[in-house]
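This report concerns only the one structure given below.
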Amino acid sequence: MQLTGLKYGRRLLDLVEFPVSQVLTEDASHDEINELIASHGGKCIVKPVFLGGVGKKGKAGLVRIVSNVFDAMVAKRDLFFAIHHQGNREVQACGVTFEGYVASDIEIYVSISESSEYRMPVLLLTTKGGVDVEDVPAEDKRTIVFNPVTGVKSFHINDALRELKCPPQYISSLVQHLPKLWQVYDNYGLTTLELNPIRMGKVKGRYVPLACDIKASFDQDNPAWKRLGYPEEIFSTTITQFESEINVLRTHQGQSDVTEVNPKGTILPFIFGGGANSAATEILGDRAIISSDFGGNPPYEKIKAIADITFRHWLPQANVVLLIGGRANNTNIFTTFKAIFDSLREHIRLNPNVFVVAGRGGPMVVEGMVYGRDVLDGLRVPYRFFGHDSSMMSVLQHAIEIDTFLEPRPEEVAPRQIKAA
Amino acid sequence: MNYQNNPFPYHVGVQSLHELANKHSRVCIMNIRGTESSLVTPVSHAYSGGNVVAGVQYGESGGTFETPVGDIPVFGSISDVIRSGIHFDTGVVYLPPSAVSHAVSEMCARNVHLKRIVIVTEKVSARDSRLIRYGCQNAKVDVIGANTLGIANCWDQVRIGGALGGDSPSESLRKGSVAIYSNSGNFSTTISEYLKTAGFGTSTILSSGKDVYIHFALAEFLYCAENDPRTKAIVVYVEPGGYYEKQALDWIEEGRFKLTKPIIACVTGRWKKNLTRSCGHAGAMAGTGDDAEAKEVWFDDFFGVPVFDPARPQVSKRGVRIRTIQDVPDAVTACMKLLGEQPDFASTGDLSLKPWFVNDQDLSLPQQLRMHPVKAISPYGEEIEKFNQLVGARIMREPMRNRSGASAIDPADFTISLHGRKLLDLIEHPFGAVSIYSVLKTMPDAGQMAIINPLLNWFVARGSVHVSTVTRGRANDCTPNASIATEVLLAGNNRLFRELRAMGSWLIDQFIHEVGTDLCVDDGLIEEKLSTAQPFPGTLPEDYSEQWAEYFGSLLRTHSQVTILTRFAEAYSEKMRTAGETVDPLKLLLSAILLGLAWKPLTERRISRETALDLGTYLGLNGIIVGVSPVNHEKNYFWQKLHSLSDPAILTTDFSSTCFQVLFNRIPEDSELFTFNALLNLTVTNGPGTLSAKGAKESVSARNHIATAYAGFLTNTGLAHGGNGFESVSYLLTIFSEADPYRTAPADLDPILKGLAAKATQDFVVRKRKARIEGISERIPCINHPVFRDKPENHDPREVHIRKLLKEKSIVNPFLEFYHHLVKELHAEGLTSNVYCVNVDAVIACIALDLLWKQLNNGEMSEKEAQEIVFIMFLYGRMAGVSAEIADHLSRGQDLDCRTPADELVFLA
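Residue numbers (the numbering used here), protein chains in the order written: chain U, 59 to 479; chain B, 474 to 1382.
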């Protein structure tokens, strides 16, 4: 769960009175924009609003600096529904912000995140911000390791800024404000908080660090973020309709982690276990409609509910329903298989031509497979069940081969001859 | 043991993997009665020789937690444990995430002897993890997890924490020389299984967890593995996110600690690069430089050799990276070979594809994808064998009220299906075949029909014996369903039904495990069975049993329908006759024929053993319904012939024709037989809500015999259900009272029908006006279906299908054509807002009237008889559908599962 940009991000900073550059949203009037431009040296910045975590907007040419209302409106029109590509993801903007331009001779980058190297939270700081921090030479940035109970202190910031040769006129205000970020980070369930850039503006004659952009990641397992009262939809680009239905079933025992991989895929995998999730999804590639981790010994009712949602969404397009996992330590195979096959039986009318491949081991595996076999025989659905003495990877490859065979091939008259009786 | 100097800039309390968990470890479990602990702890405790010394359950104190190797004392707090004098060095946490950091604090604060904590709980927040890290570092306590399955020491047979090795750890966790470090708990066990195929066991297995914080990470593990004399190689499975691996490899490169043992590393999760939230392991989220590809590079650079290729295995002394865990056995073997080390034991099994269960149904797969079941490794193979001994489908029992596993209704177009096939697709099949299909879920082929027709007719002949019961009922003005039901009820669970069932069961036991799905004659096996089979209890032959057995035997041979079952039945009867023992040769042969029909769906587990054995009962009851139903049996020549069985040739009559001739007392024309057959098939079922089937199902749920359930079906029909076909017949008779469509030249028919429709419309206007004045409703039967009514011109797709079918056969039903003119005329006159559809019910009435018309008009049949015939036609069709519902309910339902819950009952004052 991530957010970017000041439209929503400024709420985090307001909580600790961290100064933020002036921001207007897309519904701002011409007068308001005029006033913003006038009070910021004749310039304002127009940025598209993306929901979820979206970076590198500047590099993609999606940030405009304008000096009059007319240009601001043109920028608004161009950017309001801008499309941005990040890897193989395509995201679309849903609004713009008008942000006051802050003239500053330095740009600060600051972030707090969990460090696997130090096994503690760390604060990363540079006065050469405004760019990707990875591109900043090591000597120009400092990593501050601090006591996670007491948090980052002013002296940590002061020492780092002095080492970075920060202009002295800015140090005092930065030392005053930057430690506040820890309060936000620690109290609201964040795993990353990044301000880039912070520009040094002047308020009543004093230098003040003004946050000009923000990125934040929230810990799904820490409910503290809910106290912020953000509307659900701001995380919506990262959660599809299917995922949100499954997420309702999410508990601390896991068992219902899903990600939509390819809504046009043809293999519908029920994956059990985090390792299997990682490995199986990799091998299935774009054929996988979803990636899932339904391990953790889910009770019947839960896996049945999951299967109901999953089949309702995806069974019609699936060539292969795949049940895959290693040799379960704890998960009762009979319970999970029974729930999935009961659900399949209830939804089979959506696609009676599906093929089932299962590879699994663990407690009550034979009972689970026998149950599946009996249901599938009753439905006349073809199947293969492999035990844990078959390589999971080979089972996945086999599922892919079956899927390839079942793919519609218009040049062939009858690639599938199913169910004579 | 001289260890390297502890190289870590933070507290690590162990020097060797062996120290992590061993037979000296003493464990206390937090939330010992929790759901997961309740399952796992007894197994762990037994496997580890009873190493759990105490459990904590908040709010409970003083009890014990039972395990197979003795009770574990349960306390209300850690303080209570310590006060009781129990010492432990290892804590295991099974609490929900929000309680974990508090429990860790409690253990650290109250137990000064604590050395390590294993946190099994999943989804502990990053904030709590960093507090746990901070607190445990200060308390000098090692933390494994969170989200770990714990640690297993296969040499000491100890596991601590979660369920490594599953419910039979001694099977998976075999002692050996390879240590496993895995981000995945499941893969920890799976890798140890894979290693066994190359002859390698494990020393210590650590499931590290894959949260944002891994407190006991790869560097610590490698350091401890180097110091562990049991370990010769290390298998590492990791996922994206975090720099733990880079740090470990960098420290080795820098010489912070040394590692002389090879690492076999597997990194998966390239696809996670673009995730913006976790799926699976919470910490498997890549940042900028810690995605899967980056980790692959870290390892490849460290090893100095490319990724492992099983075809050309190349490894370095430092080890090798593998693409998937499937390559673990080969890669470990290659590394060990380089070191001059031998496997720990003889390899067990391999990782090739070994399907335990396969069924391609009727899907034709290319050769390379075809598979045959392989016997599973022990003990699974033996378990599967036990299940395979169970014959037929095993369906979980469930409530059947308003539910059916036999019939379904498609909400999109309201078409009905039976056993997955649309009724509309079934209507061209012979009704006899559909009767068998209803029970067995498999449509018989033409060869089988050569036996099935005589079989069905034989049951009709036998069922006709007590026709006098129905005659008496008719004299008492019973409706046909009532009088037929009486005879059906009296059939009970009679000797024929019982013996067919018992003989079928005996035959199943003789052959099911010997012949599988193949019923080809095997004389050797028959001989063997004749000499070894447990004798079937003697049965007294009925009159002419031998002659009829001979007739059916000859029929089987003529039509090449002999199976190992029928050949054995004949040979067994002969053997008994020679030995002077009594067995009814006809019943034995019939049971073999019936079982032969059921064999395929039975062995394919599409039907239960019970259903297969009940086939004779269903057909027997169908035979009674047809056999006692002629409206005037004394004048019915066909029925007389069938009843007396004076000429066996009559048994070869097509079963639809039998039904026709029993009802109409004449031989049908081809077109008549086609429409009659279609009509029977069309009325087989009306979906799961079928009212007549409800009567049968409620009777089943009260645990009655099948005959009683059939009576339930019959008594749930009546003048408003089944008999209502005559309502539309009556309407059509009025309309056509002065115009005989069969005396009109085909070319002139359409204008006449149009004229009749116009007249009927005008009559309807008058009747409707009158009805409005009287405050009653007036309607025309069989038009305007409640579902198909929203378009400018509406059609019932079922009616459309059948009308098209009739037209293809050049069959013009004048009554149906009249209906189509009528709905258009009603709209044209402004009586309807759109063109109503002609319902499928109209088809039934029109076909019935078409069949009755001539006999009714020339006085061969009275209106009352015609009314009865329409009703009985409905019963014929429905009896097949009801047999499907009863068989389904018997296999799947529970006692009294049709009962209405008390809160749905309403008293109407």
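C-beta atoms are modelled at their ideal positions from N, C-alpha and C, and glycine is treated no differently.
Identify the contact partners of residue i in chain U, using a Cβ-Cβ distance below 8 Å as the criterion.
i, result
"alanine 866 of chain B", "Asp432, Asp435, Gly436"
"leucine 604 of chain B", "Pro206, Val207"
"asparagine 832 of chain B", "Arg431, Leu434, Asp435, Pro440, Tyr441"
"leucine 826 of chain B", "Phe444, Ser448, Ser449, Ser452, Val453, His456"
Per DSSP, which residues does residue i bridge with? Please list them.
i, result
"lysine 895 of chain B", "B:Ser890"
"histidine 142 of chain U", "U:Val149"
"methionine 178 of chain U", "U:Ser173"
"glutamate 186 of chain U", "Rather than glutamate, the amino acid found at residue 186 of chain U in this sequence is lysine. For lysine 186 of chain U, which the question treats as bridged, DSSP gives the partners U:Glu165."
"alanine 130 of chain U", "According to DSSP, which records beta bridges pairwise, alanine 130 of chain U is partnered with nothing at all."
"asparagine 832 of chain B", "U:Tyr441"
"phenylalanine 548 of chain B", "B:Val529"
"glutamine 60 of chain U", "U:Ser275"
"lysine 199 of chain U", "U:Thr184"
"methionine 580 of chain B", "For methionine 580 of chain B, which the question treats as bridged, DSSP gives no partner whatsoever."
Given that residue i touches chain U, what residues does it touch there, using C-beta distances under 7 Å?
i, result
"aspartate 640 of chain B", "Pro421"
"glycine 783 of chain B", "One point to set straight first is that residue 783 of chain B is proline, not glycine, in the sequence displayed. Per Cβ cutoff of 7 Å: no residues; proline 783 of chain B is ~11 Å from chain U at best."
"glutamate 766 of chain B", "Correct list: empty, because the minimum Cβ distance to chain U is about 11 Å."
"threonine 741 of chain B", "Ser336, Ala337, Glu340"
"leucine 838 of chain B", "Phe463"
Please identify the residue among the options whose C-alpha is closest to the C-alpha of residue i.
i, options, result
"tyrosine 531 of chain B", "B:Phe481, B:Ala576, B:His497, B:Phe860", "B:Ala576"
"proline 953 of chain B", "B:Arg1365, B:Ala519, B:Lys1227, B:Gly1195", "B:Gly1195"
"alanine 1233 of chain B", "B:Phe1291, B:Met1049, B:Thr1036", "B:Phe1291"
"arginine 1372 of chain B", "B:Lys1282, B:Leu1061, B:Val1173, B:Arg600", "B:Val1173"
"leucine 1068 of chain B", "B:Ser1356, B:Val864, B:Phe1261", "B:Val864"
"alanine 196 of chain U", "U:Ser336, U:Glu221, U:Ile215", "U:Glu221"
"methionine 450 of chain U", "B:Met580, B:Val801, B:Ser602, B:Asn478", "B:Val801"
"alanine 1166 of chain B", "B:Lys1108, B:Gly936, B:Tyr483, B:Ala1360", "B:Ala1360"
"leucine 668 of chain B", "B:Glu1142, B:Gly523, B:Asn861, B:Val805", "B:Val805"
"alanine 765 of chain B", "U:Asp351, U:Leu342, U:Ala337, U:Asp344", "U:Ala337"
"leucine 1322 of chain B", "B:Ala698, B:Asn1286, B:Ser1102, B:Arg632", "B:Asn1286"
"histidine 939 of chain B", "B:Leu962, B:Ala1042, B:Val788, B:Leu722", "B:Leu962"
"alanine 1071 of chain B", "B:Leu913, B:Cys951, B:Phe548, B:Ile1098", "B:Leu913"
Who are the neighbours of residue i on chain U, taking C-beta pairs under 9 Å?
i, result
"valine 1285 of chain B", "Chain U residues near valine 1285 of chain B: none, gap ~34 Å exceeds 9 Å."
"glutamine 720 of chain B", "Ser174, Glu175"
What I want to know is whether the C-beta of residue i ends up closer than 7 Å to one or more non-hydrogen atoms of the ligand GDP.
i, result
"valine 565 of chain B", "For the structure depicted, the ligand GDP is absent and the ligand set is empty, with no information on it obtainable."
Whose Cβ in chain B lies nearer than 7 Å to the Cβ of residue i?
i, result
"valine 424 of chain U", "Tyr853, Glu856, Ile857, Phe860"
"aspartate 279 of chain U", "Pro570, Lys596, Val597, Ser598, Ala755"
- Message: Any C-beta of chain D within less than 8 Å: which residues of the region 376 to 399 of chain U qualify?
- Response: Note that chain D does not occur in the displayed structure, where the protein chains are U and B.
Notebook entry, point to check: Is the region 344 to 356 of chain U close to the region 389 to 407 of chain U, with three or more CB pairs under 8 Å?
Noted result: yes
*Using 8 Å as the threshold, is the region 1075 to 1094 of chain B in touch with the region 1359 to 1379 of chain B, meaning 3 or more CB pairs across them?*
Three or more Cβ pairs closer than 8 Å define a contact, and the region 1075 to 1094 of chain B meets that threshold against the region 1359 to 1379 of chain B.
Are the region 805 to 817 of chain B and the region 1038 to 1057 of chain B touching, with three or more C-beta to C-beta distances below 8 Å? no
Report task. May I ask you to verify whether the region 1155 to 1173 of chain B touches the region 1112 to 1125 of chain B, counting CB pairs closer than 8 Å and requiring at least 3? Result -> No contact exists between the region 1155 to 1173 of chain B and the region 1112 to 1125 of chain B.
**Request:** Count the CB pairs spanning the region 1263 to 1271 of chain B and the region 1201 to 1218 of chain B that are closer than 8 Å, and state whether there are at least three.
**Result:** no
- Message: At 4 residues or longer, what runs of the alpha helix (DSSP H) sit wholly inside the region 365 to 419 of chain U?
- Response: 391 to 405
Extract the residue ranges of the beta strand (DSSP E) inside the region 273 to 351 of chain U, only unbroken runs of 3 or more that lie entirely within it.
315 to 318, 325 to 330, 348 to 351
Cβ contact check for the region 580 to 597 of chain B and the region 547 to 563 of chain B: 3 or more pairs under 8 Å
yes
Kindly provide the ranges of any alpha helix (DSSP H) runs that are 4 or more residues long and lie completely inside the region 434 to 472 of chain U, ordered along the chain. 450 to 464
query: Hey, is the region 1274 to 1294 of chain B in contact with the region 894 to 910 of chain B, meaning 3+ C-beta pairs nearer than 8 Å?
result: yes
What are the start and end residues of each continuous alpha helix (DSSP H) run of 4 or more residues lying completely inside the region 208 to 269 of chain U, in chain order? 212 to 221, 226 to 235, 238 to 245
(Q) I'd like to know if the region 234 to 245 of chain U and the region 543 to 559 of chain B are in contact, where contact means that at least 3 CB-CB pairs between them fall below 8 Å. (A) No, because fewer than three Cβ pairs between the region 234 to 245 of chain U and the region 543 to 559 of chain B fall closer than 8 Å, the two stretches do not touch.
Handout entry: Every unbroken beta strand (DSSP E) within the region 1139 to 1197 of chain B, with a cutoff of 3 residues, ordered by chain
Key = none
Next on the checklist: So, does the region 477 to 491 of chain B touch the region 691 to 704 of chain B, judging by three or more C-beta pairs under 8 Å?
Outcome noted: yes
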